[in-house]
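Worksheet: the structure to be examined is printed underneath.
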Amino acid sequence: MSLIEIKNASVVYNEGADNQMDALLGASLEIENEEYVIIFGPSGCGKSTLLNVIAGLEKPTRGEVYINNENLDKMNADQLAKFHCVKIGMIFQAYNILPSLSVRDNIILPQMFLGANNRKARREKADELLDKVGILEQADKIPSELSGGQQQRIGIARALINDQPIILADEPVGNLDSKSAQNVMGILKGLNEEDKKTIIMVTHNPEYLDYAHRVFYMKDGKIEREVVNKKSEHHKEKKEVTPQEKEFEMLSRSFPGLSEAQLHLLMTPFKAKILAEYLTTPYDVEENQRLSEFMGKRILGKFDRAKLRMILDRPLEKGGVGLDERTAINFSLEVEKVIENAKLLQRDLSEIAMRLGLEENDLKVKLVVRHLIRSFIKYVDDSQKERMESLVRKRLSNEIDRETLKTALDLPFKEGGVGLDKRLVKKIVRELEVILLVKFGITENTR
Ligand code: ADP
Ligand code: MG
1 MSLIEIKNAS VVYNEGADNQ MDALLGASLE IENEEYVIIF GPSGCGKSTL
51 LNVIAGLEKP TRGEVYINNE NLDKMNADQL AKFHCVKIGM IFQAYNILPS
101 LSVRDNIILP QMFLGANNRK ARREKADELL DKVGILEQAD KIPSELSGGQ
151 QQRIGIARAL INDQPIILAD EPVGNLDSKS AQNVMGILKG LNEEDKKTII
201 MVTHNPEYLD YAHRVFYMKD GKIEREVVNK KSEHHKEKKE VTPQEKEFEM
251 LSRSFPGLSE AQLHLLMTPF KAKILAEYLT TPYDVEENQR LSEFMGKRIL
301 GKFDRAKLRM ILDRPLEKGG VGLDERTAIN FSLEVEKVIE NAKLLQRDLS
351 EIAMRLGLEE NDLKVKLVVR HLIRSFIKYV DDSQKERMES LVRKRLSNEI
401 DRETLKTALD LPFKEGGVGL DKRLVKKIVR ELEVILLVKF GITENTR
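Okay, so the sequence shown: first residue is 1 according to this note's numbering, each after it adds one.
This is how it looks when you write it as structure tokens:
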């Protein structure tokens, strides 16, 4: 049996009442010893609820929870409290620290509940952990004298004080600046790899997904799908992934907001929304919604480019989007460029390629790279261009993912990369991923 097994667990608040809330709906999962698992999804989708169910802090309305073969449902309150204290270390976004206690005493606190160890041993243990997370020097201060990142490390040290084998972290870096966040993520990684802790982390930030062995994607109280990033020693992948599945996985990494069904059906309105948001983050909901709708029509070929262009600067009250003329023109140009390139990738260019003495695929790669250079970089030398082409070729055939592409574009030329500026890289990669997304199912009449 796995270390943690959740079977068909649901948590329903106010069941039967008008305000019934299905916070968790039939969740099933298994987590192995020493795995690092991330539960990922938008705010309100039930991540914390699921974590609390695993922690034994929330009793599921239906379903079962087994930890180490023990059914939590069969435990009485005392047994549950003891189980929680011994097995589970919890780290919260809000740190849950007591402001009036010293940093050290905040760490010692949970040990006191267990009645374990004498004072001196407790103190030594606390200092060892404070050292481990790099804040031993702050041991005698009160928490408010520490930075946010340091305060979160109090939370981590405290979650380790009873040598709990399972660490549950609910948005542990949600409140931290990116440097402190990296730091905390590094500590968690070390706890998993070196101290062999099983880690379950909740986040709504896709940046961190690569840290985990596996990611559970949640939406509307359900676990929608599971992605294996890398095999942990104890988790055997069930089957080989097909190239289609791999392509799907890579796209879903780039667009974590898309569910499996959405990606598979490649719903036009959704693609249109992504395209619209990509180009228009400054616009409001109403404008965005209309943009999505019209972009969908454009992708499906129901609008031609002139019609789209026209409707962009038509006033909102007349059914348009209400952009000013200049913005509308630029916007329309950007959209057409993405569509052009997406179509290009699908079009039969074999004849042209032959006349140019090129492989069809090489021609497509060259054209896309030319577009990317023209749009964003202006100038690169030939050897940089060659490397870019080779990378884009690999991305188009899914030999590499978005992150690998990003890293290689940014890496100095001397070290084998293209040596582009980080901000450019970001734009280029974003553009390429949008082109890849729009490429799917674009119709013939999208002229
Ligand atoms: P997440 O951690 O993904 O943001 P939560 O698990 O905290 O989401 O909550 C899932 C849903 O359940 C949310 O819509 C939330 O408002 C609701 N919810 C959470 N706790 C309660 C409660 N005690 N009573 C009613 N609804 C709740
Ligand atoms: Mg939450």
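Virtual Cβ for every residue (Gly too), placed ideally from N, Cα, C. Predicted model, so just to flag it, every value in this text is computed and none were measured.
Original post:
Where DSSP assigns a beta bridge to M201, which residues make up the other side?
Top reply: Paired residue(s): I38, A169.
Original post:
Which one or two residues does DSSP pair with S10 in a beta bridge?
Top reply: Residue pairing by DSSP puts S10 in a beta bridge opposite R62.
Subject >> Which of helix, strand or coil DSSP assigns to R347 >> reply: Coil, per DSSP.
Original post:
Within the structure, which residues are defined as neighbours of ligand 1 by a Cβ-heavy atom distance below 5 Å, reported in chain order?
Top reply: Output, sorted by chain position: Y13, M21, A23, S43, G44, C45, G46, K47, S48, T49.
Subject >> Close-in-space but distant-in-sequence residues of the same chain around I135 (CB under 8 Å, 5 per side omitted) >> reply: These residues qualify, in order along the chain: V103, L146, Q150, R153, I154, A157.
Subject >> One or two residues paired with M295 in a DSSP bridge >> reply: Under DSSP, M295 takes part in no beta bridge, so it has no partner.
**OP:** Less than 8 Å between the CB atoms is what I'm expecting for L24 and V65, so what's the real figure, rounded?
**Re:** Actually they do not touch by this definition, with Cβ atoms about 11 Å apart.
**OP:** Under 8 Å Cβ to Cβ from K141, same chain only, skipping five residues before and after it: list those, please.
**Re:** Around K141: S102, V103.
Subject >> CA-to-CA distance, L72 to I167, given in whole angstroms >> reply: The straight-line gap from Cα to Cα measures roughly 17 Å.
Original post:
Rounded to a whole number of angstroms, what is the C-alpha to C-alpha distance between L160 and G89?
Top reply: Roughly 6 Å between the two C-alpha positions.
Original post:
Given E30, which residues of its chain have a CB within under 8 Å of its CB, disregarding the five upstream and five downstream residues?
Top reply: Excluding the 5 residues flanking it on each side, E30 has same chain C-beta neighbours closer than 8 Å at S2, I4, E5, I6, in chain order.
Subject >> Bounding residues of the beta strand (DSSP E) (the contiguous stretch that carries M310) >> reply: Segment 305 to 312 is the alpha helix (DSSP H) holding M310; no beta strand (DSSP E) there.
Original post:
CB-CB under 7 Å to L176, same chain, minus the five flanking residues each way: which ones, in chain order?
Top reply: Hits under 7 Å: G148, G149, Q152, V184.
**OP:** Have a look at N330 and P60 and give me their C-alpha separation to the nearest angstrom.
**Re:** Rounded to whole angstroms, N330 to P60 spans 53 Å at the Cα level.
Subject >> Residues near E431 in its chain [Cβ-Cβ closer than 6 Å; skip 5 each side] >> reply: Taking C-beta separations shorter than 6 Å and ignoring five residues to either side along the sequence, E431 has no partners in its chain.
**OP:** Give a yes or no on contact between the segment 199 to 213 and the segment 119 to 132, applying the rule of three or more CB pairs nearer than 8 Å.
**Re:** Look at the beta carbons and you see the segment 199 to 213 not touching the segment 119 to 132: under three pairs across the two are nearer than 8 Å.
Original post:
Grouping DSSP H, G and I as helix and E and B as strand, with all else coil, what is N229?
Top reply: Here N229 sits in coil by DSSP.
Original post:
Taking all protein chains shown into account, do 16 or more other C-beta atoms lie within 10 angstroms of the C-beta of P172, making it buried, or fewer, making it exposed?
Top reply: Label assigned to P172: buried.
Original post:
From K337 to I67, what does the alpha carbon distance come to, in whole angstroms?
Top reply: Going from the Cα of K337 to the Cα of I67 covers about 53 Å.
Original post:
Just how far apart, CA to CA, sit N192 and K406?
Top reply: Distance between the alpha carbons of N192 and K406: 27 Å.
Subject >> Option in Q20, T203, F83 with minimal Cα separation from I91 >> reply: When each option's Cα is compared against that of I91, the closest is T203.
Original post:
Could you give the residue range of the beta strand (DSSP E) that holds E30?
Top reply: Element bounds for E30: 21 to 31.
Original post:
What did DSSP end up calling E237 once you bin it into helix, strand or coil?
Top reply: Reliability fails at E237, whose pLDDT of 47 lies under 50, so the model's placement of it is uncertain and the value that follows must be treated cautiously. E237: coil per DSSP, three-state reduction.
Original post:
Going by alpha carbons, who is nearest to A27 out of Y217, E293, V133, N76?
Top reply: Out of Y217, E293, V133, N76, Y217 has the C-alpha closest to the C-alpha of A27.
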